[in-house]
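Trainee:
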Amino acid sequence: MIADDKALPPEGFVNPLPQALVLTAIVIGFGLLVFALLLFYRAYQETGSADIESLTRSEEE
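Under numbering that gives the first Met the number 0, the first residue of the sequence shown carries the number 0, and numbering increases by one thereafter.
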């Protein structure tokens, strides 16, 4: 039981929520980066080129 005159959280403890949110943001950012790189790599495999113009032309065909 916590007494009414005690501070929550007690002195010396850190709120873990901001740290968890920052870690989650880092993991999501890394996941998006990997997804974008794999998407680019797959497009490169299909077209044989990293040129944006050739990718646009392949959509028109």
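For each residue, glycine too, the CB sits at the ideal point set by N, CA and C.
Using DSSP with H/G/I as helix, E/B as strand and the rest coil, what is residue 28?
Mentor: Translated into the one-based positions of the sequence shown, residue 28 becomes position 29. Helix at residue 28.
Trainee: Give the DSSP-derived three-state secondary structure of residue 39 in the structure shown.
Mentor: Taking the sequence shown and counting its residues from 1, the one referred to as residue 39 is at position 40. Reduced to three states, the DSSP call for residue 39 is helix.
Trainee: Indicate the three-state DSSP secondary structure (helix, strand or coil) for residue 33 in the structure shown.
Mentor: Here residue 33 corresponds to residue number 34 of the sequence shown, with the count starting at 1. It is helical.
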